[in-house]
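Residue numbers (our numbering): 8 to 233.
Here a beta-carbon is modelled for each residue, glycine too, at the ideal position from N, C-alpha and C.
Some notes on the structure that comes next.
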Amino acid sequence: SFYKDSIENVPNSIYLSAGNYFSYNSNDKENKIVLDILDSLGYDLISVGKNDLYFTDSIKNVPVVSFNTSGTLPNKTFKLGKMKICITGMIDPENSKYSNKKIISDKDIGEVAQFIDSLKSESDLLIFISNLEAEKEKRIFNEIKNIDIMISNTNQNNEKYSFGERLYISSGSSAEYIGKLSVEKMKEGVKYKNTFTKMKFDVFHEDKNLKTVIDSLKLKYGIDKK
Numbered sequence: 008s009f010y011k012d013s014i015e016n017v018p019n020s021i022y023l024s025a026g027n028y029f030s031y032n033s034n035d036k037e038n039k040i041v042l043d044i045l046d047s048l049g050y051d052l053i054s055v056g057k058n059d060l061y062f063t064d065s066i067k068n069v070p071v072v073s074f075n076t077s078g079t080l081p082n083k084t085f086k087l088g089k090m091k092i093c094i095t096g097m098i099d100p101e102n103s104k105y106s107n108k109k110i111i112s113d114k115d116i117g118e119v120a121q122f123i124d125s126l127k128s129e130s131d132l133l134i135f136i137s138n139l140e141a142e143k144e145k146r147i148f149n150e151i152k153n154i155d156i157m158i159s160n161t162n163q164n165n166e167k168y169s170f171g172e173r174l175y176i177s178s179g180s181s182a183e184y185i186g187k188l189s190v191e192k193m194k195e196g197v198k199y200k201n202t203f204t205k206m207k208f209d210v211f212h213e214d215k216n217l218k219t220v221i222d223s224l225k226l227k228y229g230i231d232k233k
């Protein structure tokens, strides 16, 4: 519903998941449902969170991005009007325990900086999606100045901080909020406007067509309809 109301008909927009699209337990039957409906949700990109590691090979039609996760794209570039926006991200290597195989590599700060610098040289805006632990996330943002926007998926707080023309944002935990960030390229620099929308059922009603699909999938996978 958020996608249809706020994103689908907006020109020059990118709709992304910062990670943990799937639920914590990879064996939950509900994960089969969210995999089946993924293509209908309109995402332009998914970054890898710890809950997604078991499913990266199963996602077929949406780009999956992570610089240090094998089997994914290291980055993805979008051309929106006159602006080239490059998106990358990383996941903490400790999260290997949530995968059925070792697919996460560690990267030192020099490797990350060199990679980010090469991406920024060919783009106007560099977005880094973090599924890193807090200290490494902080160090990467503070030391690698070519990261224009960091979106944190591990920070459990609903926060936005500006540092000159750089931005750090976190929409909080458990999809309670969705962030909507507008970026405008001005003569004097870049202008940001960020809003957080709380996911309330009285604001975003359940999509009737998708409810019908989900109810049929619940029957298919033997999930009790409540």
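For the putative contact between THR204 and LYS187, defined by C-beta atoms under 8 Å, what is the C-beta separation to the nearest angstrom? Within the sequence shown, the letter at position 197 stands for residue 204. Within the sequence shown, the letter at position 180 stands for residue 187. Indeed, because the Cβ distance is near 6 Å, the residues count as touching under 8 Å.
Would you say the segment 148–162 touches the segment 36–51, given that touching needs at least three Cβ pairs under 8 Å? no
Which residues bound the alpha helix (DSSP H) around LEU42? Here residue 42 refers to the residue found at position 35 of the sequence shown. Start and end: 36–44.
Could you tell me which whole beta strand (DSSP E) segments of length 3 or greater appear in the segment 44–72? 52–54
Using three-state DSSP, classify ASN75 as helix, strand or coil. Position 68 of the sequence shown holds residue 75. Note: ASN75 maps to coil in three-state DSSP.
Rounded to whole angstroms, what's the CA-CA distance from ASP64 to LEU80? Just pull it up for me. In the sequence shown, counting from the first residue as 1, residue 64 sits at position 57. In the sequence shown, counting from the first residue as 1, residue 80 sits at position 73. Looking at the two C-alpha atoms, the distance is approximately 12 Å.
Is the Cβ-Cβ distance between ASP99 and GLU140 less than 8 Å? Numbered from 1 along the sequence shown, position 92 holds the residue referred to as residue 99. Numbered from 1 along the sequence shown, position 133 holds the residue referred to as residue 140. Contact: yes.
How should LEU226 be labelled, buried or exposed, when 16 other C-beta atoms within 10 angstroms of its C-beta is the threshold for buried? As a first step, residue 226 must be located in the sequence shown, where it is residue number 219. Counting Cβ neighbours within 10 Å, LEU226 comes out exposed, since fewer than 16 surround it.
Residues that VAL197 bridges to, as DSSP identifies them: Residue mapping note: residue 197 aligns to position 190 of the sequence shown, counting from 1. Paired residues: LYS192.
Could you name the residues of the same chain whose beta carbon sits closer than 6 Å to that of THR202, not counting the 5 residues immediately before and after it, in chain order? On the sequence shown, position 195 is the one that residue 202 refers to. Result list for THR202: LYS187, in chain order.
Hey, which unbroken runs of the beta strand (DSSP E) at 3 residues or more fall wholly within the segment 136–184? 156–159, 165–170 and 173–178
Going by C-alpha distance, which of CYS93, GLY171 and ASP124 is nearest LEU133? As a first step, residue 133 must be located in the sequence shown, where it is residue number 126. Selected option, being the one with the closest Cα: CYS93.
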